[in-house]
Amino acid sequence: MDFDLPEGAIAVREGVRAIAGKYDQDYWNRCDAEKRWPEEVWRELVQGGWHSLAVPEEYGGAGQGLLELSVALEALAAGGAGGAASFMYLLTPAFGGLTIARHGTAEQKRAFLPGIASGEIETCFAVTEPDAGSNAIDITTRARRDGDGFVVDGQKIWISGVERADHLVLVARTVPAAEARPRTSGFTVLLVDVKAAVADGTLAYRPIPKLGTNTVASSMVFLDGVRVPADRVLGEVDQGFAVLWDILNPERILAAAGGVGFGELALDVACGYARERAPFGTPIGANQAVAFPLAKAKAQVELARLMTYKAAWLWDRGRPCGSEANIAKLTAADAAWQAADRAFQTHGGMAYSLEYPVARMFRDARIAKNIPVAEELVLAHIAQHELGLPRSY
Ligand SMILES: Cc1cc2nc3c(=O)[nH]c(=O)nc-3n(C[C@H](O)[C@H](O)[C@H](O)COP(=O)(O)OP(=O)(O)OC[C@H]3O[C@@H](n4cnc5c(N)ncnc54)[C@H](O)[C@@H]3O)c2cc1C
């Protein structure tokens with residue numbers, strides 16, 4: 000057993016922490032209040048190559064793995080970004096960089112990866128539909144063969160970052176669920192040129208008013224006759240479910256890494272306040288009623304970190320990691336939520352002030368239990384695959 004992070008991962012953690020350290024909580028509060036992408040931080044990540052860690056070196060990236068990407072995301076979240084960090088690392092670095100590096104043809108890699116590495120190309124990912132969230136099998140967005148390509152019609156919901164994206168990694172059905180045998184067949188993953196489709200009027204989006212995670216919009220996306228050339232299929236036609244799973248596991252592991260960093264940040268903010276605030280003369284942190292829940296949250300963060308690194312380590316070695324990815328996501332989301340909740344409690348009335356960061360953390364941490372996969376679906380996976388219990392759905 001070796002619990003030391005590889006040297007490369009330590010360098011990643013230090014590099015990203017150095018960038019995050021330049022931006023205080025007022026900066027993140029402002030981005031959130033103004034509903035704007037943290038462009039300054041993003042540009043620094045791009046310049047340092049910290050967003051393209053998983054892009055192979057021959058295409059301008061760092062040629063590292065999911066562990067390094069997870070460590071970077073965790074460092075950004077812990078260094079101040081909190082919930083915003085997950086979107087910054089999922090949308091382009093993972094959904095674009097990692098997925099195309101894994102499943103792209105040589106021509107697709109040449110077309111997309113250098114642009115992702117230089118920061119010129121941004122991506123986002125669309126699987127969720129109004130009537131198919133947890134149950135992705137039943138999506139109805141349809142890609143029909145048309146000449147030398149496909150025409151796509153359908154609707155997606157909650158698509159984060161589509162307003163920035165150049166390309167959308169779209170999960171569609173080339174065979175409707177009712178006709179697909181097995182039901183996991185008939186999926187095709189397509190790279191949709193968002194800006195071209197918006198320009199020719201075949202793709203439109205409408206941001207959904209939402210409670211938090213305001214540094215990126217999450218939108219309804221309407222696809223009405225979007226043309227996609229045949230050379231924009233990621234993986235095999237009709238066999239896209241394999242690609243989808245290969246996106247969902249890293250998504251869970253990265254979401255877990257974001258939760259770990261978020262938890263650490265919330266504890267940092269909470270303990271800073273608990274060391275200073277002294278309404279009865281001694282700092283409130285001296286009260287075990289304040290300190291113990293924070294200590295418990297710290298223990299949960301550390302446990303979640305171990306499972307997150309293990310899941311990423313397995314994935315990087317091409318080994319099965321479905322349960323580990325799910326357990327990491329479950330424990331990290333809960334750890335982040337417990338930490339944010341205790342940070343909120345520790346701040347007393349000040350927790351409600353929008354001039355402090357805890358109100359934002361409180362609402363942003365809560366959604367981590369529901370997305371990218373709901374806690375119940377994670378528990379269902381563990382019950383079925385680890386405990387051998389019958390499946391409920
Ligand atoms: C801020 C935000 C950003 C997002 N970004 C993206 C994105 O970029 N791209 C994208 O494709 N999607 C995105 N999503 C969608 C997200 O992945 C889904 O919301 C999530 O998968 C849950 O699906 P749902 O909302 O349809 O919930 P549903 O499937 O309707 O489930 C609702 C609730 O029912 C319970 N439940 C459902 N099924 C079961 C079961 N079998 N057993 C027990 N309980 C069950 C769970 O508690 C679940 O939370 C985003 C969502 C949000 C809120």
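Under numbering that gives the first Met the number 0, read the sequence shown as residues 0 to 392, first letter to last.
Note that beta-carbon positions come from the ideal geometry of N, C-alpha and C, so glycine has one too.
Rounded to the nearest whole angstrom, the CA to CA distance from Tyr272 to Thr345 is 8 Å. DSSP, reduced to helix, strand and coil, places Trp312 within a helical segment of the structure shown. Going by beta carbons, Cys123 and Leu97 fall outside the 8 Å limit. Closer than 7 Å to some heavy atom of ligand 1: that does not describe the Cβ of Asn248. Nearest in C-alpha terms to Arg226, of all of Glu178, Leu169 and Pro319, is Leu169. Here Leu189 is not near Ala216, since their CB atoms are 8 Å or more apart. Within 10 angstroms of the beta-carbon of Trp27 lie 16 or more other beta-carbons, which makes it buried. Ser352 carries a coil assignment under DSSP once its states are collapsed to helix, strand and coil.
If you check the C-beta of Phe261 against ligand 1, you find no heavy atom less than 7 Å away. At least one heavy atom of ligand 1 lies closer than 7 Å to the C-beta of Phe124.
For Trp157, the Cβ falls inside the 7 Å cut-off from some heavy atom of ligand 1. DSSP places Ser217 inside the beta strand (DSSP E), whose first and last residues are Ser217 to Pro228. Counting other Cβ atoms within 10 Å of its Cβ, Met0 stays below 16 and is therefore classed as exposed. From the listed residues Ala32, Glu67 and Ser51, the smallest Cα separation to Pro5 is found for Glu67.
Taking the Cα of Asn369 as reference, the smallest distance to any Cα among Ala277, Ala255 and Gly79 is reached at Ala255. Arg16 is not a Cβ neighbour of Gly82, given a cutoff of 8 Å.
Contact annotation, Gly153 with Leu222: C-beta distance approximately 5 Å; criterion of less than 8 Å satisfied.
Assignment of Phe240 by DSSP, reduced to helix, strand and coil, places it in the helix class. Beyond the five residues adjoining it in sequence on each side, Gly132 comes within less than 6 Å, by CB distance, of no other residue in the same chain. Using a Cβ-Cβ distance cut-off of 8 Å, the stretch 350-366 and the stretch 287-301 are not in contact, since fewer than three pairs of beta carbons, one from each stretch, lie closer than that value.
8 Å or more divides the Cβ of Gly48 from the Cβ of Glu56. DSSP places Pro206 in the strand class (E or B) of the three-state scheme. Ranked by Cα distance from Gln46, the options Leu72, Ser69, Glu119 and Pro371 are led by Glu119. Cys30 is bridged by DSSP to nothing; it lacks a bridge partner.
The C-alpha of Asn248 is placed about 8 Å away from the C-alpha of Cys320. In the structure shown, the three-state DSSP call for Val191 is strand. It is roughly 8 Å from the alpha-carbon of Ile138 to the alpha-carbon of Ala176.
Per the C-alpha coordinates, the member of Phe186, Thr187 and Ala203 positioned closest to Lys194 is Ala203. Under the DSSP definition of a beta bridge, Ile158 partners with Ser218.
In the three-state reduction of the DSSP assignment, Asp23 falls in the coil class, being assigned neither a helical nor a strand state.
For Thr127, no alpha helix (DSSP H) encloses it, and the DSSP letter there is neither H nor E. Less than 8 Å separates the beta-carbon of Ala116 from that of Ser51. Taken through DSSP and simplified to helix, strand or coil, Arg251 comes out as helix. According to the DSSP assignment, Arg182 belongs to no beta strand (DSSP E), since it is labelled neither H nor E. The C-alpha of Val236 is placed about 10 Å away from the C-alpha of Ser184. Apart from sequence neighbours up to five positions away, no residue of its chain approaches Asp130 with a beta-carbon distance below 6 Å.
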